[in-house]
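The opening position of the sequence shown corresponds to residue 75 in the working numbering, with each subsequent residue numbered one higher.
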Amino acid sequence: MRQEWEPEDLIEVWTLLEEDQERLRNKSGANRLGFALLLKFFEVEARFPEDVGEIPAPAVSYVAQQVKVLAEEWAGYDWQGRAIKRHRVEIRGAFGFRECTGEDQAQLAEWLAAELCGVELNRDRLAEAVVVRCRGDRMEPPTPGRIARLVGSAVSTFEERFCAARLRTPGGGRRRAGNSRRAWPLGPCPWRTERSACGTP
75 MRQEWEPEDL
85 IEVWTLLEED
95 QERLRNKSGA
105 NRLGFALLLK
115 FFEVEARFPE
125 DVGEIPAPAV
135 SYVAQQVKVL
145 AEEWAGYDWQ
155 GRAIKRHRVE
165 IRGAFGFREC
175 TGEDQAQLAE
185 WLAAELCGVE
195 LNRDRLAEAV
205 VVRCRGDRME
215 PPTPGRIARL
225 VGSAVSTFEE
235 RFCAARLRTP
245 GGGRRRAGNS
255 RRAWPLGPCP
265 WRTERSACGT
275 P
């Protein structure tokens, strides 16, 4: 998420709506501010921040004013405690999302290997495709580190299958002219959405 925000952008994106305020009624102090920031961040990114620094300072100040909590309280929000776990569950429920399980990650890796690794060479774009797919399935994406490992596994699976198929094909060791892989198939990126720039070099 970008760190610099103009006042009008803050108002548009980080203003707490009436239903947001309702969810804050039983929360106070750092938990009140922390919940509000996680809620608005998830609304924009469809995931939770990795650490305190990922949420822009202007957004912290603006949301703190709305919830009537000092912005400094954000530093005291417990990222390992029971409260944040409850907050995450509540926020996922508010947006109709669920956690990404180990089985989900295995299915995502298979989807990449079978559908995308043959037409996309850039691992960052493959990682972005995973995030967009998760959003479409209303599923919280894995952490960036797990997505990177997932992409690496998918690429390895694709390469193993590709080599095995070449070995089974007569003359498979010879590449036909004009049959090289391209970074994108002709036409738009198949998972492109309004928010996604994955099809843009």
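Backbone N, C-alpha and C define an ideal beta-carbon position, used for all residues, glycine too.
Strand pairing of residue i, partner residues [DSSP]
| i | result |
| --- | --- |
| M213 | R172 |
Residue i to residue j span [Cα, whole Å]
| i | j | result |
| --- | --- | --- |
| G155 | E96 | 23 Å |
| E119 | P215 | 10 Å |
| P132 | L107 | 14 Å |
| P81 | G170 | 29 Å |
| S135 | G167 | 26 Å |
| F236 | S230 | 10 Å |
| E234 | L195 | 15 Å |
| E189 | V126 | 36 Å |
| P130 | W148 | 12 Å |
When the options are compared against residue i, the one with the closest alpha-carbon
| i | options | result |
| --- | --- | --- |
| R223 | V143, I85 and L200 | L200 |
| R172 | F122, F232 and A188 | F122 |
| I165 | W153, S230 and L113 | L113 |
| L84 | S102, F115, K101 and N100 | F115 |
| E128 | K101, Q77, T243 and V163 | Q77 |
| D178 | D211, C191, L195 and I158 | D211 |
| E86 | V126, V141, D125 and V137 | V137 |
| K142 | K101, M213, G226 and R197 | K101 |
| E92 | G176, Q140, P130 and W79 | Q140 |
| E124 | I158, E184 and R242 | I158 |
| F232 | W185, R242 and M213 | W185 |
| M213 | G219, R242, G176 and L241 | G176 |
Presumed contact (8 Å Cβ cut-off) between residue i and residue j, rounded CB distance
| i | j | result |
| --- | --- | --- |
| L182 | R209 | Contact doesn't hold; Cβ gap of about 12 Å is too wide. |
| Y151 | A110 | About 11 Å; that fails the 8 Å criterion. |
| I56 | V193 | Nothing about residue 56 can be reported from this structure: the residues present for the chain run from 75 to 275 only. |
| T187 | A238 | Note that residue 187 is Ala in the sequence shown here, rather than Thr. That pair is no contact at about 13 Å. |
| R197 | V225 | 5 Å |
Any non-hydrogen atom of the ligand GDP within 7 Å of residue i CB
| i | result |
| --- | --- |
| A138 | Ligands displayed in this structure: none; no statement on the ligand GDP is therefore possible. |
Report the start-end ranges of each alpha helix (DSSP H) in the stretch 173–211 that is 4 residues or longer and not cut off at the edges. 176–185 and 197–210
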